[in-house]
Structure formats: structure tokens, C-alpha cells
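Residue numbers (our numbering), protein chains in the order written: chain A, 1 to 362; chain B, 1001 to 1355. The beta-carbon is built from N, C-alpha and C at its ideal position, and this holds for glycine as well.
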Amino acid sequence: MASVAERSQVSAFMAFFIIMSMQIGIGVLGFQRIISKTAGHDAWISVLLAGAAGHLVLALMYWLLQQADGDFILLHQQLFGRWLGNVLSLAMAAYFASMSLVVLRTYIEVIQVWMFPDLRTWEFSLAFLLLCLYITLGGFRIVVGICFFCLIIPSYLLFTFWFVFDYTDFYRLLPILDHPLSNIVKAAKEMTLTMLGYETVLFFYPFLKSGKQSAKWAHAALLTTTLFYTLLTVLTLAYFSEKQLQRQIWATLTMWKMVEMPFIERFEYIGIANWLFVILPNVCLGLWCSSRICKKVLPVRQKTALFLVAIGCFLGTLAIHDRTGVNMINSILNRIGFYFLYVWLPCLAAFTYIRMKVRGKL
Amino acid sequence: MNGKTFLLVLMAASLLSGCLRKEILDDINIESAVGFDYVSPTKIKGTVLIPIYKKEETANKTLTAVSVSTKDILEELQHKTPEPLVNGSIEVALYGKRLAEHGLFPFVDNFHRDSSIGTGLYLAVVDGTAEQLLKGHYSRQGNGIYLSNLLKHNIEQRDVPKTNLHLFLKMYYADGQDPFLPYLRQVGQDVQVEGIALFRGDRVVDYIERNNMFFFKILTDSYTEGTHTVRLQKGNYASVKNISTKRTISFSGPKTRPHLHIHLSLEGVIREHKQGPFTPSTQQAVQQQFEKEIKINASNLLRRFQEQNIDPIGLGEWAKSQYRHFSYRDFYRRYRHLPFRITADVRIRDTGIIE
């Protein structure tokens, strides 16, 4: 087992909160449009499919972790040698950093479009990253605490979808499977970004008290997220007509526009403000994972690495100016995530398996 | 960096992000309703209604400007007010008859795009001009609230089908449905719901009269609370308040020759009965007569839609959900001659507190 002091470890069931809070992020606000473009009213099947694929990959991750004594960086080194292995691990650090960047920049765009058009990117980015640094510097246990609260606090938002029910026609979901299977699979691929987040388990695994037992919690988290996304997709498909949905950049937010309460005229403002809680663990854990890898691979302290990564994220948010840019980084991350989860990890598993066989024979 | 400096930086950063444009209620003019009218093929006239809150009542102030787009009109109007105009709480948007007949979508897009406007906004078509209707003086709460309440209670408790910006856009974008909006008219000191304006695309092509609105609502909306008076023999009549409606739309036959069946089942209570006690036999008579009226009137409406080649019920959407690999084009090519059957089932549940 990788050497992590017990006082900085957390219980295995916390994996549930970490994974779920990491998965639910910025994608939820507008994934429906993207998947319904290819799968139409069958998009909810794509969500289930993406969830199922996620379970397979997660099981694979746990298997890989068992092989390398719970240390993914060690696994890279074992397979590719010290030098190349470390380069690959650093690529993962960049991946997690860019995940924080994408989430933060997309959220800033939402604020700019929906609430404050004259908010400048750097102002929010700086304030938010400072908060994230403050949390992350406290260590992994603090980050987990944030994950826990940031999943519990905004969960009340679920009830707001009640208001939408008045305007849903569920017959729009019929006939089921009216689209070719290839389209449904393609849409499932587009779901990757929204599903992303459970791969953090590769790096926080050593911080779980009884790692092996955390598998069931990780799977439970993935299942819950998948069911939530499916429900949301079904609701969205029934709420909008197909071509109307395709014009909504943030379908979830547009649905909140229908919420009417005597004391609040525009509920989406509350929703967007609350969404800060949802993305906080996303960014924090992204930064943490990234800096943790740097610490293990490079001769730097985690604190230094953290500052560097945060500065990188800050500069990154400044470099993206408009909708096209935000769209681009989202689809790039979607693609990288897809290849990482569904191509690279199975390859790694295959290498590990072959290596085991060869060694067994020797 | 120690904790204190960190906190300082954090505070500075959060203070900096507070430097955004503020909108304090006393320093802005809040639009409560807007209206658009046709001027020439390229120009429209916009009217904005601003409530001015006084001690006793709300006065109405209207501003008008002529320009090419809705946003442009708003900019034009800013020149006429000492305080900035904001559109976050528009309750009603009205469109003059002439504009609606020339196509209304370009003047809805703005509302659709603007994040500060709720999708619960009511849209309506006005007989005459929207400007004139907005310039009237209707109630102490101000015209904006008056108009939105008028539409709201008629939707919730009477025979206006559910409608708002979201539903209009939903119907407009759907390939298998044409939108409709309530049709208002100024009558002296009041505004009344005159009927329903039916669209083909974004142009009004027909109007449903007031006495047909009940049947229109049960055809388009699955839930209604309207009241309908059934005329019986010998000058007798009974008023039935509708409690719940269930609408079943189904298609039979192959995709190339669909046959439509609409079944409407209603449950109601007797509100008024002119002659004598309400016996089981009169109940039977009322139910039968009501069923007959529904069948005849709903069929007439549907035939009218077919002649106009419009689909406010959304039959195309229903057909799509019942046939695999459905083609809207083929469906609407045959729409005019689509054979249909309408059946009704009325059940009187109660007769009020007397027999």
C-alpha cells in the first residue's frame, strides 16, 4: 500500500461523495442539447449507456489499482519505465488541471451570460481560485469535507424541477429506440464530459482507509449520478420540443425560468449562485489531483505545485474570450476524457495483463 | 503565506468583484407590459408600459417608438426616460392584429434570447393595436398586472388553453404543431378575451370565436376547468362545470394511411339547472346532449383546421410518437384528408348541494 499516514485518510464510504460531487459539475447545465442532437428523443438511453460504460471502466480502474498496490503512478512506472511512466503521469496532472480550468471558465461564462454581463473573467477567476487554494492547501481531508457539503447543500435544487412537471408531455419520448443504435452510441460518447470525474479515484485511492471496500461506494456514486442524469434528460425531453431544445445552450437553466415563487421572480439566479457549490469540489479536487501527481513525480512540494497549477488555471481562464472558445475547450476535454477512459485505460489493463502473464511464465 | 495575509487577499478579491452594475428598484423604470404594432413592412411600433406606484393606486405610463427591431425600440425609448428601462419583469407582451398576420416570430426572438425574461411571460394577439389597448386604464393595480391576471385566471379556471412564452416557442419549433395565442379586445373600460388566434408558422390565419373556446381547450389541453351550458329540450338548460378532462389521441392503420381517433372523457358537476329537480333521467339526458355537442363542435373545429391546413392540436407530434420512422412531410401532405373519429364520454359526478 502506498504510504499515506492514517490521520490524513478518510473512510471508504466517502468515495461516494467524492465521486458524485466530482461528476456533477458544469455539464449538467446543458448536456441535453448535445446528446439530443444525435439521439433525439432517445437521448435518455444514451445516458444509461454512458453510465453502464462508466461502471465497466470503474471496475477496470479498481482492478488496475489492485495490481499496483493502489498507486497509479507506480503502475505507470512499472509498465513504461521510470522516465516515460512519469511523463505519462504528468500528462494526467495536466489533464486534471485542464478539467479545473474548463469547469471554472464555463461557469464564469454562465454568470456572464445569465447574471452579470459586465463581470470580467479575471475578477471571478482570481477570487474563486484563491478560495480553492485555501481549501486545497488544507489537505485532502478538507477537500473531502468540501465535496461532502457541496453535494448536500445544493441537493435541494432537485425539488425545483417539480415546477416543470406542469409543462411536460411524456408522449414525446415515444416510440422508444426510434433512432439507429449508432446514433445512440454516438450520443453516449458525447456524454463523457458530463460523466467525467470518477477517474479521480486513481489518485485519491491511497487516501481511503480500506481501499478495496470503497469499490461498492464508488459504483453506488456512479449509479446515482447516472440515474439523476437520466431523470433530468427524460424531463428535458418532455419539457421542450425537439427543435426548441436544440436551441437551448443551457437547457437546465432554461427550465428553471419556469419556476415561479411568490418571493422570487427569476429562480435561475438562485440556481446559478448555488451552482458555485457544485463546481467548488470540481475545481478543488482537480487542483488537488494535479498537484499530488506533481509531488510524486517531480522534486517539488505539493504546496508549490498547487500554486503553479492554480496560476496556470488562472492564466488559462483569461485566454478564453467567448462562446466559441468555451465550446471548444469543452469538446476538447470531452474528447480527451473519452480517449483516456475508454481507450487508454483498457490498453493499460491489457499491458498489465500481458506483463503478469509473461512474468508468471518466467 | 500565512492565514492572515491570505484572508486579506481573499477579502480584496471579493470586494473587487463587487464592482458590477447595480440596479436599485427606485432608480429604474420597470416595464410591466410591452406591445408591438405593424407600421410598414420594415418597421414596427413598440409601446412600453411602465407602472408608476403611488400611494393609492398604480398609474400607467406608456412610451412609444417606431423602429426596425424590438431591441432597437427599447434603445430608442431609453432616450425618453430619465431612469433606465429594464425588462426583467415584463408580464405580458401584446401583438397587434396586423403585425401578427404579417408574422410575429422576429419580435419574439428577443424575449427568447434575453436571459432576464422569464418563460412564463404571456403573449397575446390584440384586436386593433396593442398601443391603444395598453393606453387604456383598467384597474388600480396597473395595466400590466391587470392583463396578466386576466389571462392567468382565464387559463387556470376558464376556457383559455394554457399558454405562455415557453409553450408558444415549444409549439412554434415543433414540426408537428402550429402555435396559438389568446386573442384580446378592448371593450370600453375593460379588456376581454375574444377568442384564440391560430397561427400557421408565425402568422395568424384564423380566429376561434368565444363560444368555441371550450371545445378548443378540451382538444388542445389535457386539463381544463371551463364551464359549458347544455341546452336541453323545451327551453331547459343545465350548466356543467368541468372538473377533469382526459384526452386520448390515437392513430390506427398503417403509416401511409393513418386514421385518427380522439376520445374526450369529461367529468363535471352541475352548476345550474333551470327546471325542476335534477333526476337520474335528466342526468342521462344532459350527459348525452353534452357528448353530442362535444362531438359535433370538436369535429367542426378539426375540419376547420384541416381546411386551413393548420395543426394547433399537435396531431403531427402525436402521430410521430405512435409510428416508427415517422415523416412529418408525408403526414401533412395527407393532413387535409385525414379521416378522423371523435368520441366523447361525459360523466356528471355531483349536482351541487341540492338535487
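Going by the CB atoms, is the gap between residue 105 of chain A and residue 249 of chain A shorter than 8 Å? Within the first sequence, numbered from 1, the residue matching residue 249 of chain A stands at position 249. Within the first sequence, numbered from 1, the residue matching residue 105 of chain A stands at position 105. Cβ distance not < 8 Å, so residue 249 of chain A and residue 105 of chain A don't count as in contact.
Roughly how many angstroms separate the alpha carbons of residue 2 of chain A and residue 292 of chain A, rounded to a whole number? For the purposes of this step, residue 2 of chain A is identified with residue 2 of the first sequence, where counting begins at 1. For the purposes of this step, residue 292 of chain A is identified with residue 292 of the first sequence, where counting begins at 1. Reliability of the predicted coordinates at residue 2 of chain A is poor, the pLDDT of 49 falling under 50, and no value is obtained from them.
What's the gap between the Cα of residue 1341 of chain B and the Cα of residue 171 of chain A? Your numbering for residue 1341 of chain B matches position 341 in the second sequence. Your numbering for residue 171 of chain A matches position 171 in the first sequence. Residue 1341 of chain B and residue 171 of chain A: Cα-Cα distance of roughly 21 Å.
Inter-residue spacing [alpha-carbon to alpha-carbon] between residue 349 of chain A and residue 1118 of chain B: Position 349 of the first sequence, counted from the first residue, corresponds to residue 349 of chain A. Position 118 of the second sequence, counted from the first residue, corresponds to residue 1118 of chain B. Taking the straight line joining both Cα atoms gives about 51 Å.
Taking C-beta pairs closer than 8 Å, name the residues in chain B that residue 113 of chain A reaches, listed in chain order. Within the first sequence, the letter at position 113 stands for residue 113 of chain A. Result: 1115.
Quick one, which of B/1076, B/1101 and B/1050 has its alpha-carbon nearest residue 1040 of chain B's? Along the second sequence, read from residue 1 onward, the residue named residue 1040 of chain B stands at position 40. Cα-wise, what sits closest to residue 1040 of chain B is B/1101.
How about the segment 308-322 of chain A and the segment 224-235 of chain A: do they share at least three Cβ pairs that are nearer than 8 Å? no
Where the alpha helix (DSSP H) containing residue 236 of chain A begins and where it ends: Here residue 236 of chain A corresponds to residue number 236 of the first sequence, with the count starting at 1. Counting along the chain, the alpha helix (DSSP H) containing residue 236 of chain A begins and ends at 214-239.
Taking 6 Å as the limit between beta carbons, can you name the residues of its chain near residue 1317 of chain B, skipping five residues before and five after? Counting from 1 along the second sequence, the entry for residue 1317 of chain B is found at position 317. Contacts found: 1174, 1176 and 1177.
Is residue 2 of chain A close to chain B? Criterion is C-beta to C-beta, closer than 8 Å. Position 2 of the first sequence, counted from the first residue, corresponds to residue 2 of chain A. Low local confidence applies: a pLDDT of 49 at residue 2 of chain A is under 50, so the model's placement there is unreliable, with the coordinate-based value given in what follows. It does not: the Cβ of residue 2 of chain A has no partner Cβ on chain B nearer than 8 Å.
Label residue 1024 of chain B either buried or exposed according to how many other C-beta atoms from any shown protein chain fall within 10 Å of its C-beta, with 16 as the threshold for buried. Residue numbering aside, residue 1024 of chain B sits at position 24 when the second sequence is read from its first letter. Flag for residue 1024 of chain B reads exposed.
Same chain, Cβ closer than 8 Å to residue 109 of chain A, five either side skipped, listed in chain order: By 1-based counting over the first sequence, the position of residue 109 of chain A is 109. If we look at residue 109 of chain A and ignore the five residues flanking it on each side, its Cβ neighbours are 323 and 326.
What ranges does the alpha helix (DSSP H) occupy inside the segment 260-343 of chain A, keeping only unbroken runs of at least 4 residues that lie completely in it? 267-297, 302-319 and 323-339
Would residue 1095 of chain B and residue 1130 of chain B qualify as a contact pair, given that the criterion is a beta-carbon distance under 8 Å? Numbered from 1 along the second sequence, position 95 holds the residue referred to as residue 1095 of chain B. Numbered from 1 along the second sequence, position 130 holds the residue referred to as residue 1130 of chain B. Yes, the pair counts as a contact, with Cβ atoms nearer than the cut-off.
Residues of chain B with CB under 7 Å from residue 240 of chain A, in chain order? In the first sequence, the residue the question calls residue 240 of chain A occupies position 240. The answer, in chain order, is 1170.
Taking the C-alpha atoms as reference points, what is the distance between residue 50 of chain A and residue 229 of chain A? Taking the first residue of the first sequence as 1, we reach residue 50 of chain A at position 50. Taking the first residue of the first sequence as 1, we reach residue 229 of chain A at position 229. Going by the C-alpha atoms only, they are around 10 Å apart.
Any idea which residues DSSP pairs residue 1192 of chain B with across the strands? Position 192 of the second sequence, counting from 1, holds the residue named residue 1192 of chain B. Answer by DSSP bridge pairing, in chain order: B/1185.
Run down chain B in chain order and give the residues with a C-beta less than 8 Å from the C-beta of residue 172 of chain A. Counting from one through the first sequence, the residue named residue 172 of chain A turns up at place 172. Those within 8 Å of residue 172 of chain A in chain B are 1317 and 1321.
Where do the N-terminal and C-terminal ends of the beta strand (DSSP E) with residue 1092 of chain B fall, by residue? The sequence position of residue 1092 of chain B within the second sequence is 92, counting from 1. Note, residue 1092 of chain B: beta strand (DSSP E), 1092-1096.
Local Cβ density within 10 Å of residue 147 of chain A, reported as buried at 16 or more and exposed below that: Against the first sequence, residue 147 of chain A aligns to sequence position 147. So residue 147 of chain A ends up on the buried side.
Interface residues of the segment 47-75 of chain A facing chain B [CB-CB below 9 Å]: none
Would you kindly work out how many angstroms separate the C-alpha atoms of residue 217 of chain A and residue 167 of chain A, rounded to a whole number? One-based indexing of the first sequence puts residue 217 of chain A at position 217. One-based indexing of the first sequence puts residue 167 of chain A at position 167. Each residue's Cα considered, the two are about 36 Å apart.
Rounding to the nearest angstrom, what Cα-Cα distance links residue 1201 of chain B and residue 279 of chain A in this structure? Counting from 1 along the second sequence, the entry for residue 1201 of chain B is found at position 201. Counting from 1 along the first sequence, the entry for residue 279 of chain A is found at position 279. Taking the straight line joining both Cα atoms gives about 41 Å.
Rounded to whole angstroms, what is the Cα-Cα separation between residue 1253 of chain B and residue 1070 of chain B? The count along the second sequence starts at 1 and reaches residue 1253 of chain B at position 253. The count along the second sequence starts at 1 and reaches residue 1070 of chain B at position 70. Cα-Cα distance, rounded: 47 Å.
Entirely within the segment 19-56 of chain A and at least 4 residues each: give me those alpha helix (DSSP H) ranges in chain order. 31-39
Cβ neighbours of residue 1216 of chain B in the same chain (closer than 7 Å, five flanking residues each side left out): Within the second sequence, numbered from 1, the residue matching residue 1216 of chain B stands at position 216. Within the same chain, residue 1216 of chain B has close Cβ partners 1161, 1196, 1208 and 1301.
With hydrogens ignored, establish whether the beta-carbon of residue 1097 of chain B is closer than 7 Å to any heavy atom of the ligand COA. Looking at this structure, you won't find the ligand COA or any other ligand, since it has none at all.
Give the DSSP-derived three-state secondary structure of residue 1106 of chain B in the structure shown. Within the second sequence, residue 1106 of chain B is the residue found at index 106, counting from 1. Correct three-state label for residue 1106 of chain B: helix.
For residue 1314 of chain B, which of B/1225, B/1294 and B/1260 has the nearest alpha-carbon? Residue numbering aside, residue 1314 of chain B sits at position 314 when the second sequence is read from its first letter. The shortest Cα separation from residue 1314 of chain B among B/1225, B/1294 and B/1260 belongs to B/1260.
Taking buried to mean at least 16 other C-beta atoms within 10 Å of its own C-beta, is residue 261 of chain A buried or exposed? Stepping through the first sequence from its first residue, residue 261 of chain A is reached at position 261. Exposed, by the Cβ-count rule.
Tell me whether the beta-carbon of residue 100 of chain A lies closer than 8 Å to the beta-carbon of residue 298 of chain A. Position 100 of the first sequence holds residue 100 of chain A. Position 298 of the first sequence holds residue 298 of chain A. Result no, Cβ atoms of residue 100 of chain A and residue 298 of chain A do not sit closer than 8 Å.
May I have the straight-line CA-CA distance separating residue 72 of chain A from residue 124 of chain A, to the nearest angstrom? On the first sequence, position 72 is the one that residue 72 of chain A refers to. On the first sequence, position 124 is the one that residue 124 of chain A refers to. If I take the Cα positions, the gap works out to 34 Å.
Residues in the same chain with beta-carbon distance under 7 Å from residue 1214 of chain B, minus the five sequence neighbours each way, listed in chain order, please. Along the second sequence, read from residue 1 onward, the residue named residue 1214 of chain B stands at position 214. Excluding positions up to five away in sequence, the list reads 1159, 1226 and 1228.
Hey, residue 1109 of chain B and residue 1087 of chain B: beta-carbon distance below 8 Å or not? Position 109 of the second sequence, counted from the first residue, corresponds to residue 1109 of chain B. Position 87 of the second sequence, counted from the first residue, corresponds to residue 1087 of chain B. Taking 8 Å as the Cβ cut-off, residue 1109 of chain B and residue 1087 of chain B do not qualify as a contacting pair.
Going along chain A in order, which residues have a C-beta closer than 9 Å to the C-beta of residue 1146 of chain B? Within the second sequence, residue 1146 of chain B is the residue found at index 146, counting from 1. None at all; the shortest Cβ gap to chain A is about 18 Å.
For a cutoff of 8 Å on Cβ pairs, would you count residue 192 of chain A as touching chain B? One-based indexing of the first sequence puts residue 192 of chain A at position 192. It does not: the Cβ of residue 192 of chain A has no partner Cβ on chain B nearer than 8 Å.
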